[in-house]
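In our numbering, the protein residues as written are 1134 to 1402.
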Amino acid sequence: MDLARSFAHRFGQLSHPDAVPRPFVAICPAVILEEGERLPWHHHRKAQLLYTLRGIVHCETEDGIRIVPPQCAVWIPSDLPHSAFGSGDIECHCLFVEPDAAPGLPERCCTVSISPLLRELLRRAARLPELYDADGADGRLVAVILDELAAAPVENLHLPMPVDPRLRALAGMLLAGPANHASLQEWASRVALSERSLSRLLAQEVGMSFGRWRRQLHVMLALQRLAAGESVQAVAIDLGYESASSFVTMFRKAMGKPPGRYLQEQGRM
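As structure tokens, then:
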């Protein structure tokens, strides 16, 4: 049984979203995932919007991992294999959209910010009947939602993952020990590569320098923990920064604003 159908059985709906003759399908009520629960790899013809209400969702595709903090969503294009797991107890809405339902919808997997207007529209859409009147008020509501989705800003919350087994091993070591600030030369030697070869492979496979790739990992780990209520000081120490100010500088460079402001703006959405 695939994921969409298992959701349907879990919540009493009998139809597979791909089989519903509507451009927009919402699984209701919100999906609840427990700590450690992982959704298996799957795909579906309809694109999917996974909108996080509570907790942090990690959406994994072949090209990397995207994090979805509260009041953000991940857009998963049609037929793209993906998996998902969470940090803490997760509550999220699953919405399915025909790939040609509207112009301007994202063509690639991405994390998008949900505006206050779109948030309220999605809450209302979660109560739509499966076979809503596409030519009436419900159809107009869906049209506005699709317009807002097409205009939603994309967040830089993607950690690209390499294919090369040596770089995969490096990624595993960085994830297991994010506070280790060894030099590029030291990391290269641990995966049996020269410093030059490691830099070249990273540029080829993830399109980033080693420093930028590690910084992106730290941002993702930090957001996961800060959203759970940990202090900037504690997160900075655990990620190996000498001070909270040096961590904030790194975060601002990556996200364009300090962590407190970023989370505050997300919380107001």
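Glycine included, every Cβ here is placed at the ideal spot set by N, Cα and C.
For residue i, the nearest candidate out of the options (CA to CA)
i: Pro1232; options: Leu1372, Pro1249, Pro1262 and Leu1213; result: Leu1213
i: Leu1179; options: Ala1206, Ser1211, Glu1195 and Gly1197; result: Correcting the residue identity first, residue 1179 is Lys in this sequence and not Leu. Closest option to Lys1179, Cα to Cα, is Ser1211.
i: His1351; options: Arg1257, Arg1299 and Leu1308; result: Leu1308
i: Pro1311; options: Met1353, Lys1386, Ala1270 and Asp1280; result: Met1353
i: His1177; options: Glu1253, Val1153, Arg1171 and Glu1363; result: Val1153
i: Asp1151; options: Trp1208, Gln1181, Ala1367 and Thr1194; result: Gln1181
i: Asp1297; options: Ser1378, Leu1396 and Gln1337; result: Gln1337
i: Asp1379; options: Met1388, Ala1387 and Ala1369; result: Before going further, note that residue 1379 is Ser rather than Asp in the sequence given. The option with the nearest alpha carbon to Ser1379 is Ala1369.
i: Val1201; options: Leu1356, Arg1256, Arg1252 and Ile1160; result: Leu1356
i: Leu1195; options: Thr1185, His1175 and Ala1206; result: Checking the displayed sequence, the identity of residue 1195 turns out to be Glu instead of Leu. The option with the nearest alpha carbon to Glu1195 is His1175.
i: Gly1188; options: Ala1267, Glu1224 and Tyr1374; result: Glu1224
i: Val1277; options: Asn1289, Leu1290 and Leu1254; result: Leu1254
i: Glu1193; options: Gly1272, Gly1373, Pro1239 and Leu1290; result: Leu1290
Cβ neighbour criterion (16 or more within 10 Å) applied to residue i
i: Arg1333; result: exposed
i: Thr1382; result: exposed
i: Ser1287; result: Note that residue 1287 corresponds to Val in the displayed sequence, not to Ser. Label assigned to Val1287: exposed.
i: Leu1250; result: exposed
i: Glu1398; result: exposed
i: Ala1284; result: exposed
i: Gly1362; result: exposed
i: Asp1271; result: buried
i: Leu1360; result: According to the sequence displayed, residue 1360 carries Ala and not Leu. So Ala1360 ends up on the buried side.
Neighbourhood of residue i by C-beta, 7 Å cutoff - its chain only, sequence neighbours within 5 removed
i: Leu1099; result: Beyond the ends of the chain as shown, which are 1134 and 1402, falls residue 1099; an answer cannot be given.
i: Ser1327; result: Ala1321
i: Ala1234; result: Pro1156, Phe1157 and Leu1279
i: Asp1371; result: Ala1312
i: Arg1299; result: Val1324, Ala1325 and Leu1326
Close-in-space but distant-in-sequence residues of the same chain around residue i (CB under 6 Å, 5 per side omitted)
i: Phe1157; result: Val1230 and Val1275
i: Met1388; result: Tyr1395
Residue i Cβ short of 6 Å to the ligand FAD heavy atom set
i: Leu1264; result: You won't find the ligand FAD in this model; it holds no ligand whatsoever.
Cβ shell of residue i (< 8 Å), same chain only, five flanking positions each side left out
i: Arg1257; result: Leu1274
i: Ile1209; result: Ala1180, Gln1181, Leu1182, Leu1183, Cys1192, Thr1194, His1215 and Cys1242
i: Glu1171; result: The amino acid at residue 1171 is misidentified as Glu; the sequence shows Arg. Only Ser1216, Ala1217 and Phe1218 meet the Cβ criterion.
* In chain order, which continuous runs of the beta strand (DSSP E) of length 3 or greater are located wholly inside the region 1265-1328? -> Taking only runs of at least 3 residues, the beta strand (DSSP E) segments lying wholly in the region 1265-1328 are 1291-1293.
* Contact the region 1308-1324 vs the region 1334-1350: 3+ CB pairs below 8 Å -> yes
* Segment contact, 8 Å Cβ cut-off, at least three pairs: the region 1262-1269 with the region 1234-1244 -> no
* To do: Pick out the complete beta strand (DSSP E) segments inside the region 1186-1254, 3 residues or longer, and give them in chain order.
  => 1197-1201, 1205-1209, 1215-1230 and 1243-1246
* At what residue ranges does the region 1323-1382 contain a whole run of the alpha helix (DSSP H), taking only runs of 4 or more? -> 1328-1338, 1343-1360 and 1365-1371
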